[in-house]
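Asks:
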Amino acid sequence: MQESESTANTHASPAALASSIVTAQENLLEQRLSDSQDTSEVDASSPGEMMTLRHGLRSGGWSIATVLLLFTVFEEFDRVAMQVLGPDIQASLGVSDTVLLGLQSFGGVVLVLATLPFAWLADRRRRVRVLSAAGALWMAFAGLTGVVVNTFQMGLARAGSGLGASARVPIAPSLVADQYPLGVRTRIFAIEALGRPLGQVLGPLFAGVVVVAAGDDAGDWRVVFLALLIPAGLTILWSLSLKEPSRGQQERIALLGDSVVVAQSEPPVLLSAAFQRLKKVRTFYFLVVGIGVLGFALIAVPGAFNLLLEDSYGYNAGKRGWIGAITWSGALIAIPIAGRIGERLFRKKPSSALRMMGVCILLYGVFVTVGLRFHSPAVMIALTTIGFAFQGAAFTQVGPSISAIIPYQMRSQAFAMVGVYIFLMGGFFGGLFAGALSDAHGERTALTAIVPPAALLGGLLIIYGSRYMNRDIALTRSELREQQVELERIAGDPDNVPMLQVRNIDVSYGNLQVLFDVGFDVRRGEVLALLGTNGAGKSTILRAISGLVMPDRGVVRMNGRTITLVEPQYRAQMGMVHIAGGEAVFSSMTVAENLALWSRQIPDSAKRQEKLALVY
């Protein structure tokens, strides 16, 4: 019997062998997830002491929170004015529903595309100055919106407005995370999140009052955008006085205490490397995909809802403004409550706070969908108000969750990815789809077709992703602790810093993990040989060190500097050379030509000639 089983195993087909490997890998991942749920609960809990909001604002200062809130409010004024005044703009420019909703969404598309370069810039310049400059750019194009005379000019103005507003997406949350203590961070994020409903409540009132005061004529919608320049300009001047917080300072203080050794300036993070690493953070992946699916509803609902009020009920800009303010008034109450509840849930069990977000998104879809089926404006507005309150409550958990599961070096890129998924995955196409359905079947049918599937799928994806949250938080904090231990060691013995350090490296190809917790040091003057059978991962760890493969987790350092997320070219400039086996030289070139070629790695020409002279 044993002999027959051995024979069967020997002749197992490649497909069966591959299937057994994949099954074993899936079982291993499930076991690691189960272990993380049991063992990382304490480490994933919030480490900062609970403090009052007043104490937190006193510690971090009022300025950054207030300026970010005002930036959000005024940028929301700009967007909501396009929605409330949409029918008036449509009449002035002579465009269809599809073109109007496309123009309203176009600024969002540019906003998304620009978040990536702004995230790149935020890693290399002072974030507060980048935010001020972008705010001035947004203000200029918001004012230009008020003087356009054709569709092309309107598209250009909305593109410029989206470009300026995009800086706030990756920069504002990272400033909040670095400026305010962990014990009050969720409530500060809730204050910043209040900007959207405040803009949605005050924006329609502002737009409606200005238009009516100007005479409510065909072209009076232009006055709204010009009037917005005054308060926006004052806020931009205030932002010039803000001071830049140290990156990751709150985590270091909360986890490691006040006696923290600060790292020397680290190389800038490569965007593509950061995005590869971010996709491997499971909680983040399901969070942004869920938000991206929800983007179909987030962008389509405001514009189509205003067209519904105008086409089905005949409401002018003033009445639409009042209704817009009412529908978002519930969020003003829900957001502070959700921030407080979310903070308590996060301190007990972080994953429950993210599940609360998913449930709120599901309830948003239910109330908005049911409300649209009532033709009575009072019932429709009441149910929509409740739905928007749940939407606002849900998004209070985005900032705290991303700040907890993503290392501080990648926060700007992570928040930029949220915008990318919202607008490119669902936002722009959701607006066009809603416009096409609206032209063919009416606004009510269009919204009923879009909102339910977007909210259902988005909410369920976020709830599913919450199961990975405790493990992701624990891994992020273990990396921070390991970094601090190493910095203290370097500070205590600066003359004995290893030339190369590899710590806790995991690498996967797709869903198949091939390296588990690899770590070693190479000191100056040492030669280290990696021994192992074929497929053991020798080439993979070398590729991870060189930057040719992005690890799932772990750290790579060269001469004490972290280079895990920097591009291979930068590593080569630091003196790292990856020579593939059997390919050390170019066989078609002479020895002298090979030496001359590889000597170009030495930037100083005098030193290069000196080294070459030693060879001959």
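Position one of the sequence shown corresponds to residue 180 (the working numbering), numbered consecutively onward.
In this text, a Cβ means the ideal position worked out from N, Cα and C, and glycines have one as well.
Can you find a CB in chain D that lies within less than 8 Å of the CB of TYR543?
Replies: In the structure shown, chain D cannot be found, because there is only a single protein chain.
Asks: Apart from the five residues on each side of it in sequence, which residues of its chain come closer than 6 Å, Cβ to Cβ, to ARG736?
Replies: Only GLN680 meet the Cβ criterion.
Asks: Could you tell me which residues DSSP pairs with VAL734 in its beta bridges?
Replies: DSSP, once it has assigned bridges, lists ARG682 as partnering VAL734.
Asks: To the nearest whole angstrom, what separates the beta carbons of GLY521 and PRO352, a pair I think is in contact under 8 Å?
Replies: Not really, about 15 Å apart at Cβ, beyond 8 Å.
Asks: What residues match up with TYR543 in a beta bridge as DSSP calls it?
Replies: None; TYR543 has no bridge partner.
Asks: Go ahead and pull the three-state DSSP assignment for TYR492.
Replies: In the structure shown, TYR492 sits in a helix (DSSP, three-state: H, G or I).
Asks: Tell me the residue span of the alpha helix (DSSP H) that contains VAL390.
Replies: First-last of the alpha helix (DSSP H) with VAL390: 374 to 392.
Asks: Figure out for me which residue from GLY609, VAL389, ALA625 has the closest Cα to the Cα of LEU616.
Replies: LEU616 has its Cα closest to that of ALA625, out of GLY609, VAL389, ALA625.
Asks: Among the candidates SER555, PHE612, TYR464, whose CA atom is the shortest distance from the CA of LEU640?
Replies: Considering only alpha carbons, the answer is TYR464.
Asks: Please report the distance separating the alpha-carbon of LEU310 from that of ARG347.
Replies: Roughly 7 Å separates the two Cα atoms.
Asks: For THR741, does the three-state DSSP call read helix, strand or coil?
Replies: Strand at THR741.
Asks: Going along the chain, which residues of its own chain have a beta-carbon closer than 8 Å to the beta-carbon of GLY469, five neighbours each way excluded?
Replies: GLY537, ILE540, LEU636, GLY637, GLY638, LEU639, LEU640, ILE641, GLY644, listed in sequence order.
Asks: Taking the alpha helix (DSSP H) that ASP651 falls in, what are its first and last residues?
Replies: Run containing ASP651: 648 to 671, per the alpha helix (DSSP H) assignment.
Asks: In three-state terms, what does DSSP make of TYR688?
Replies: It is a strand residue.
Asks: Once DSSP output is grouped into helix, strand and coil, what is the label at MET699?
Replies: Just to set this straight, residue 699 is Phe in the shown sequence, not Met. Strand.
Asks: Kindly give me the distance between the Cβ atoms of TRP400 and ASP267, rounded to whole angstroms, as I take these residues to be in contact under 8 Å.
Replies: Sure, about 4 Å apart at Cβ, within 8 Å.
Asks: Per DSSP, LEU694 forms a beta bridge with which residues?
Replies: Bridge partners of LEU694: VAL686.
Asks: Give me the residue from THR564, ARG461, GLN379, ASN485 with the minimum Cα distance to LEU542.
Replies: Taking only the C-alpha atoms, the option nearest LEU542 is THR564.
Asks: The ligand FAD and LYS790: does any heavy atom of the ligand fall closer than 7 Å to the residue's C-beta?
Replies: The ligand FAD is absent from the structure shown, which contains no ligand whatsoever.
Asks: Is the Cβ-Cβ distance between GLY378 and GLU255 less than 8 Å?
Replies: Yes.
Asks: Alpha carbon to alpha carbon, how far is GLU220 from VAL697?
Replies: Per-residue confidence for GLU220 stands at a pLDDT of 44, beneath the threshold of 50, marking its modelled position as unreliable; the derived number appears in the next sentence. Each residue's Cα considered, the two are about 24 Å apart.
Asks: When the Cα atoms are used, what is the spatial distance from SER224 to LEU272?
Replies: For SER224, the pLDDT reaches just 47, beneath the cut-off of 50, and the residue's location in the model is therefore unreliable, leaving the point undetermined.
Asks: Tell me whether the beta-carbon of ALA504 lies closer than 8 Å to the beta-carbon of ALA568.
Replies: Contact: no.
Asks: Can you give me the start and stop residues for the alpha helix (DSSP H) that PRO410 sits inside?
Replies: Residues 408 to 418.
Asks: For GLU746, which three-state DSSP category applies?
Replies: Coil, per DSSP.
Asks: Got a sec, what are the start and stop residues for the alpha helix (DSSP H) ILE584 sits in?
Replies: Note, ILE584: alpha helix (DSSP H), 577 to 584.
Asks: Cα separation between ILE516 and ALA759?
Replies: Cα to Cα, the separation comes out at about 58 Å.
Asks: May I ask you to verify whether the segment 360 to 372 touches the segment 317 to 336, counting CB pairs closer than 8 Å and requiring at least 3?
Replies: Cβ pair count under 8 Å is below three, so no.
Asks: Which whole-angstrom value is the C-beta distance of GLY343 and ALA301, which I expect to be below 8 Å?
Replies: So it is not a contact: roughly 15 Å between Cβ atoms.
Asks: So the candidates are LEU450, THR294, VAL794; which of them puts its Cα closest to the Cα of ALA595?
Replies: Answer by Cα proximity: THR294.
Asks: My output table needs one value for ASN773: the three-state DSSP class, helix, strand or coil.
Replies: Looking at ASN773 - three-state DSSP - the assignment turns out to be helix.
Asks: Under a three-way DSSP split, which group does ASP396 fall into?
Replies: Three-state result, ASP396: coil.
Asks: According to DSSP, simplified to helix, strand and coil, what is THR245?
Replies: Note: THR245 maps to helix in three-state DSSP.
Asks: Going by CA-CA distance only, name the one from LEU791, TRP501, ASP783 that's closest to LEU774.
Replies: Checking every option, the nearest Cα to that of LEU774 belongs to LEU791.
Asks: Going along the chain, which residues of its own chain have a beta-carbon closer than 6 Å to the beta-carbon of MET333, five neighbours each way excluded?
Replies: So the qualifying residues of the chain are LEU282, VAL327.
Asks: Considering only C-alpha positions, which residue in the set VAL263, LEU249, VAL259, ALA510 is nearest to LEU487?
Replies: Considering only alpha carbons, the answer is VAL263.
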